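Peer 1:
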Amino acid sequence: MMLSGGRSPICLVLARLWKKKGWKVSIIEHKSVTFSRFSNSVNHYHLLPDPVHHFEQFSALLLELLERERPDVLIPVNEDILHYGRLQQQIRALSIQFDVVAQPLLEQLHGKFSNIQLAQQAGIPAPHTEYLCDDNVDWQKYIVKPVYSRFGNQVIFDRQGLNQRHQGQYVKQQRINGVQICTYGFARQGKLLAYACYLTNFGLENAASLVFTPYRSQKVFEYMQRFIESHQLSGSISLDFMYDGQEYYFIECNPRLTHGAVLLGEQLPQVFMPEYIPKKILMMEKQRYGLKTIWLAKIIGKKKWRKTGKIYRHSQDMIANWHDPWPFLLMPFILGWLTLCALIKRQPLIDYLTEDIIYDADSYQSSARKKVR
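Residues are numbered in our numbering as their position in the sequence shown, beginning at 1, plus a constant of 2.
1) Which word fits Asn-80, buried or exposed, when buried means at least 16 other C-beta atoms lie within 10 angstroms of its C-beta?
2) Pick helix, strand or coil for Val-54, following the three-state DSSP scheme.
3) Quick check on Ala-198: buried or exposed, where buried means 16 or more other Cβ atoms within 10 Å of its Cβ?
4) Identify, in the order they occur along the chain, each residue of the same chain with its Cβ nearer than 7 Å to the Cβ of Asn-179, setting aside the five sequence neighbours on each side.
5) Per DSSP, which residues does Gly-292 bridge with? Please list them.
6) Pick helix, strand or coil for Asp-36, following the three-state DSSP scheme.
7) Since Gln-318 contacts Gln-289 with CB under 8 Å, what's their CB separation in whole angstroms?
8) Which one of Gln-220, Gln-171, Ala-344, Pro-73 has the shortest CA to CA distance from Pro-276?
9) Could you tell me if Ser-43 is buried or exposed, where buried requires 16 or more neighbouring beta carbons within 10 angstroms of its beta carbon?
10) Can you check whether the CB of Leu-235 is closer than 9 Å to the CB of Gly-262?
11) Using DSSP with H/G/I as helix, E/B as strand and the rest coil, what is Thr-341?
12) With burial defined as no fewer than 16 other Cβ atoms inside 10 Å of the residue's Cβ, what is the status of His-233: buried or exposed?
13) Decide if the stretch 217 to 228 is in contact with the stretch 311 to 325; the criterion is three or more beta carbon pairs, one per stretch, under 8 Å apart.
14) Let me check one thing: in DSSP terms, what residues is Pro-148 bridge-paired to?
15) List the endpoints of the continuous beta strand (DSSP E) containing Arg-190.
16) Based on the DSSP output, what are the partners of Gly-237 in its beta bridges?
17) Take Asp-248 as the anchor and find which of Val-264, Gly-311, Ile-230, Val-222 has the nearest alpha-carbon.
18) Excluding the 5 residues flanking Ala-344 on each side, which residues of the same chain have their C-beta closer than 6 Å to its C-beta?
19) On a CA-only basis, which of Lys-21, Met-333, Glu-224 is nearest Ala-121? Give me that one, please.
20) Are the CB atoms of Gly-187 and Met-226 within a distance shorter than 9 Å?
21) For Tyr-150 and His-112, I'd like the C-alpha separation in whole angstroms.
22) Go ahead and pull the three-state DSSP assignment for Asp-358.
23) Let me make sure I understand the geometry here. Which of Ile-279, Ile-183, Arg-315, Pro-271 has the alpha-carbon closest to that of Gly-292?
24) Could you tell me the distance, in whole angstroms, from the CA atom of Phe-60 to the CA atom of Ile-360?
25) In the structure shown, what three-state DSSP assignment does His-130 receive?
26) Taking 8 Å as the threshold, find out whether the stretch 4 to 11 comes into contact with the stretch 30 to 48 through three or more Cβ pairs.
27) Per the DSSP calculation, Ala-198 is bridged to which residue(s)?
28) Would you list the residues sitting across from Val-15 in a DSSP beta bridge?
29) Kindly indicate the opening and closing residues of the beta strand (DSSP E) around Leu-49.
30) At the level of alpha carbons, what is the spacing between Ala-17 and Asp-101?
31) Taking 8 Å as the cut-off, is the beta-carbon of Arg-348 closer than that to any non-hydrogen atom of the ligand ADP?
32) To the nearest angstrom, report how far apart Val-173 and Asp-136 are at their CA atoms.
33) To the nearest angstrom, report how far apart Asp-326 and Thr-131 are at their CA atoms.
In structure tokens, the structure reads:
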């Protein structure tokens with residue numbers, strides 16, 4: 003079993019689950035200090051050049067590693083799945099199970115304009131979305147976000163944020179006021195095999211999720227099935243919705259694993275196996291999860307005790323584990339090291355954590371055109 007993305011807590015969760023089932027677990031990473039680096043559930047930790055800045059070197063060393071180790075299954079956990087997707091034919095030629103759709107569709111699922119079109123084609127309600135052509139935005143009616151982005155903190159809500167935006171394409175999207183609902187699913191050839199749906203963050207921040215509380219809605223489940231069946235999807239698919247009290251509006255898709263997959267519990271690893279044929283869809287458990295140390299810091303800073311205290315107490319931490327204690331015990335060192343690296347590079351921490359795996363299809367197309375010339 004080989005996973006990429008050791009910096010991500012869900013990668014640590016998966017490594018522990020696979021190890022518990024008796025598998026040897028290898029991790030591919032581009033950063034030397036991550037949670038999985040110190041886990042006793044990880045047998046091998048491979049450092050490779052990152053695919054954003056050194057794709058040719060990365061691809062050559064990756065294929066060499068895969069040919070040498072021949073893992074049964076390869077699971078890229080983070081956004082780097084779009085880089086691995088460019089090599090999917092070579093990976094499968096090594097008889098390695100790698101569940102992902104063809105690269106053009108994978109890029110459409112990732113793009114914040116094209117995935118709205120995919121939702122509409124499937125008959126799923128979505129907010130009006132168009133490319134941002136000028137700075138004339140009615141902030142009462144619209145938000146702005148990069149076409150290729152990962153974390154919710156890149157969403158722009160006002161003129162000041164628009165003036166500070168980075169280079170690249172952006173979309174202007176109708177503002178939907180309500181509650182954000184996230185889903186995670188795993189599919190093969192248009193058939194949903196596993197499903198989780200959850201509430202996230204409880205207003206603590208507009209960024210990566212820290213809290214994962216099961217949420218049940220038949221309509222969201224049906225929308226998930228419809229999206230997957232309409233486009234004959236395979237692999238990990240995560241859809242986000244906004245609920246305004248009457249309707250669930252599709253706002254984006256992430257064609258990769260998300261932390262909400264933890265809600266599927268100890269049966270999660272089996273869905274990735276090629277021989278897995280379920281009698282029924284694997285559904286989420288009732289247990290709540292969270293990144294409790296970081297979550298606690300947010301609660302203290304924003305003083306949301308009354309709203310989150312009970313949920314916090316009844317949630318299971320994704321990192322703390324007495325059978326594998328070092329990732330939790332070394333958390334101050336890990337977070338401190340990553341923060342120091344970000345400061346040295348003069349980047350926000352979230353930007354530093356994604357700058358070596360972030361995927362921008364437009365940049366690749368531009369580079370390809372230059373090579374042809």
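C-beta: ideal position from N, C-alpha, C; glycine also. Since we're looking at a predicted model, the values are computed, not measured.
Peer 2: In this structure, then:
1) Counting from one through the sequence shown, the residue named residue 80 turns up at place 78. Under the 10 Å beta carbon count, Asn-80 is surrounded by 16 or more other beta carbons and is classified as buried.
2) Within the sequence shown, the letter at position 52 stands for residue 54. Of the three classes helix, strand and coil, the one that applies to Val-54 here is coil, per DSSP.
3) For the purposes of this step, residue 198 is identified with residue 196 of the sequence shown, where counting begins at 1. When all chains shown are included, Ala-198 counts as buried.
4) Reading the sequence shown from its first residue, position 177 is the one you call residue 179. Here the set comprises Asp-246.
5) Translated into positions along the sequence shown, residue 292 becomes position 290. Per DSSP, Val-213, Asp-319.
6) Residue numbering aside, residue 36 sits at position 34 when the sequence shown is read from its first letter. It is Thr, not Asp, that sits at residue 36 in the sequence shown. Thr-36 falls in the coil class under three-state DSSP.
7) Taking the first residue of the sequence shown as position 1, residue 318 is located at position 316. Taking the first residue of the sequence shown as position 1, residue 289 is located at position 287. Taking 8 Å as the upper bound for CB-CB distance, Gln-318 and Gln-289 are in contact here, some 6 Å apart.
8) The sequence position of residue 276 within the sequence shown is 274, counting from 1. When only C-alpha atoms are compared, the closest one is Pro-73.
9) Residue numbering aside, residue 43 sits at position 41 when the sequence shown is read from its first letter. By the neighbour-count definition (other C-beta atoms within 10 Å, threshold 16), Ser-43 is a buried residue.
10) Position 260 of the sequence shown, counted from the start, is the residue given in the question as residue 262. Position 233 of the sequence shown, counted from the start, is the residue given in the question as residue 235. For Gly-262 and Leu-235, no; Cβs fall outside 9 Å.
11) Position 339 of the sequence shown, counting from 1, holds the residue named residue 341. Here Thr-341 sits in helix by DSSP.
12) Position 231 of the sequence shown, counted from the first residue, corresponds to residue 233. Here His-233 is buried: its Cβ has 16 or more other Cβ atoms, across all protein chains shown, within 10 Å.
13) Contact fails: fewer than three Cβ-Cβ distances are below 8 Å.
14) Indexing the sequence shown from 1 puts residue 148 at position 146. Paired residues: Tyr-172.
15) Walking along the sequence shown from the start, residue 190 turns up at place 188. That run of the beta strand (DSSP E) goes 181 to 190.
16) One-based indexing of the sequence shown puts residue 237 at position 235. Bridge partners of Gly-237: Ala-189.
17) In the sequence shown, counting from the first residue as 1, residue 248 sits at position 246. One detail in the question is off: residue 248 reads as Gln in this sequence, not Asp. The shortest Cα separation from Gln-248 among Val-264, Gly-311, Ile-230, Val-222 belongs to Val-222.
18) Within the sequence shown, residue 344 is the residue found at index 342, counting from 1. If we look at Ala-344 and ignore the five residues flanking it on each side, its Cβ neighbours are Leu-351, Tyr-354.
19) For the purposes of this step, residue 121 is taken as the residue at position 119 of the sequence shown. Nearest option by C-alpha distance: Glu-224.
20) For this step, residue 226 is matched to residue 224 along the sequence shown. For this step, residue 187 is matched to residue 185 along the sequence shown. Their beta carbons are under 9 Å apart, which means Met-226 touches Gly-187 by this criterion.
21) Counted from its first residue, the sequence shown places residue 150 at position 148. Counted from its first residue, the sequence shown places residue 112 at position 110. When rounded, the separation of the alpha-carbon atoms in Tyr-150 and His-112 is 7 Å.
22) Position 356 of the sequence shown, counted from the first residue, corresponds to residue 358. Note: Asp-358 maps to coil in three-state DSSP.
23) What you label residue 292 is simply residue 290 of the sequence shown in a count that begins at 1. Residue nearest to Gly-292 within the set Ile-279, Ile-183, Arg-315, Pro-271 is Arg-315 (criterion: CA-CA distance).
24) Residue mapping note: residue 60 aligns to position 58 of the sequence shown, counting from 1. Residue mapping note: residue 360 aligns to position 358 of the sequence shown, counting from 1. Linking Phe-60 to Ile-360 through their CA atoms gives a straight-line distance of about 14 Å.
25) Taking the first residue of the sequence shown as 1, we reach residue 130 at position 128. Secondary structure at His-130: coil, using DSSP grouped into helix, strand and coil.
26) Segments in contact, yes.
27) Translated into positions along the sequence shown, residue 198 becomes position 196. According to DSSP, which records beta bridges pairwise, Ala-198 is partnered with Tyr-186.
28) Within the sequence shown, numbered from 1, the residue matching residue 15 stands at position 13. According to DSSP, which records beta bridges pairwise, Val-15 is partnered with nothing at all.
29) What you label residue 49 is simply residue 47 of the sequence shown in a count that begins at 1. For Leu-49, the enclosing beta strand (DSSP E) stretches over residues 46 to 49.
30) Along the sequence shown, read from residue 1 onward, the residue named residue 17 stands at position 15. Along the sequence shown, read from residue 1 onward, the residue named residue 101 stands at position 99. About 18 Å.
31) This structure simply doesn't include the ligand ADP, nor any ligand for that matter.
32) Counted from its first residue, the sequence shown places residue 173 at position 171. Counted from its first residue, the sequence shown places residue 136 at position 134. Take the alpha-carbon of Val-173 and the one of Asp-136: they are about 11 Å apart.
33) Start at 1 with the first residue of the sequence shown, and residue 326 comes out as number 324. Start at 1 with the first residue of the sequence shown, and residue 131 comes out as number 129. As the crow flies, the alpha-carbon of Asp-326 is around 45 Å from that of Thr-131.
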